[in-house]
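Here is the structure we will look at.
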């Protein structure tokens, strides 16, 4: 990291120190009280990405602003944890750095493996999931997917992990293969569910759980 980036982040940390000690609102915040604000800022980053044109650069200023708001929450939560003697921002940075090194053996190979052995894309995905499973001491890679996610988001994550494990996917053909066609199919399914008085969210949630149980047997 360059000195300029280190200095910029350092200024934010110092500013948070001052706010926690001198601003009554900032001083009384907790991890729990900041939850709705963190969620709101996350959605605002996603909205900024929706309007971003990566080719022309239009919307980058808005994205920069929203990423700054999200970064503030990372610093804020780290400071709250530090005040309670749990961890600090440096611990957070070290944790993710060490994790990324562990999960990228194709970039940081150990003495027992070569770069050539780890650069196959499918092998990389499989290795990533295996390392995560070992790190978290989980019996299944699916255990790390929050059940509180919206059903469609959870379904997407479950199927992505299943694919990384080489588990056969559910055969579906949609033509043409683009977002518009897929969106129309999804909307049509929701309409079909409405007509037949079926809750699409709950139905998908149940279907995902059934799929996970079957997939666990194949891990």
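Numbering (this note's numbering), first residue to last: 297 to 515. For glycine and all other residues, C-beta sits at the position ideal for the given N, C-alpha and C.
Test item: CB-CB of residue 511 and residue 451 under 7 Å: no
C-alpha gap between residue 394 and residue 339, whole angstroms: 28 Å
Inter-residue Cα distance where the pair is residue 392 and residue 447: 28 Å
Residue 378 versus 439, 316, 486 and 405, residue with shortest Cα-Cα distance: Minimum Cα-Cα distance from residue 378 among the listed residues 439, 316, 486 and 405 corresponds to 316.
Whether residue 438 touches residue 508 by CB criterion (7 Å): yes
Simplified DSSP assignment, three categories, for residue 351: Annotated three-state conformation of residue 351 is coil, per DSSP.
Cutoff 6 Å; reference residue 477; Cβ partners in own chain excluding five residues on either side: 470
N- and C-terminal bounds of the alpha helix (DSSP H) containing residue 395: 385-398
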